[in-house]
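Residue numbers (my numbering): 1300 to 1549. From the three backbone atoms N, C-alpha and C, an ideal C-beta is built for every residue, glycine too.
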């Protein structure tokens, strides 16, 4: 029977694309890569500038663009939220997760987390250097900036970190409700960080959408790789849970 299958069909089954998990992860990766490429092309041609400017100014006091809309505490809250996507906070979260996974003898999952975050950081840096888009100059920046604007590093790295860790935690959780809550929280955290960057005037909206797109694509790719490695028992063994006696992943 195998001799009757085309090479593409054999590859399809070898990668388990006939199963929902691998198929969804690789499809999500492809979609978000396409979204980023499309958006990047429009940004380079200047087609997003008008909408970017309109959305950025919509979050500012028309009488004084230096002031974001809302009470003063909202601006302070935005600074707190944007910090959740900063390299210092994400590094602490990643390191804590790595230590936890190593302590519970899940070396494969620990390595996957490090590769996902470090790889995402390198991609973010490379894209910023490649595009070199200036930061918004329509409004004063409400927080310090050090790098180019496109894509948003905060949006991208928060997507990679929170979505990857959220998927990992959701997988070892037996309750479907708890798993849905974990993934929902990861998505909300990612969205809040991105929105805060626009609210504080340090990114164009298209920067943030691009960061979300690349981050989600990379997270989906990492999850696809994790599913492939799981089949070989290199990340976790199928059927095992976080509460098993030998402390291995589900």
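Give a yes or no on whether the C-beta atoms belonging to residue 1394 and residue 1504 are separated by under 7 Å.
no
Meets three-Cβ-pair contact criterion under 8 Å: the region 1470 to 1485 and the region 1422 to 1431
no
Is it right to say residue 1404 is buried, meaning 16 or more other beta carbons lie within 10 angstroms of its own, or is it exposed?
exposed
So, at 8 Å on beta carbons, what are the nonlocal neighbours of residue 1335 in its own chain, with the 5 sequence-adjacent residues on each side left out?
1450, 1509, 1512, 1513, 1516
In this structure, how does DSSP classify residue 1379 when only helix, strand and coil are distinguished?
The DSSP-derived three-state label of residue 1379 is helix.
Could you tell me which residues DSSP puts in a beta bridge with residue 1363?
1360
Taking 7 Å as the limit between beta carbons, can you name the residues of its chain near residue 1507, skipping five residues before and five after?
1451, 1454, 1493, 1496, 1497
Contiguous alpha helix (DSSP H) assignments of at least 4 residues, all confined to the region 1413 to 1498
1452 to 1471, 1475 to 1498
Using the beta-carbon count (16 or more within 10 Å), is residue 1529 buried or exposed?
Per the 10 Å Cβ criterion, buried.
Inter-residue Cα distance where the pair is residue 1367 and residue 1361
9 Å
Report yes if the C-beta distance between residue 1427 and residue 1447 is below 7 Å; otherwise report no.
yes
Other residues of its chain near residue 1409: CB distance less than 6 Å, five sequence neighbours each side excluded:
1397, 1400, 1401
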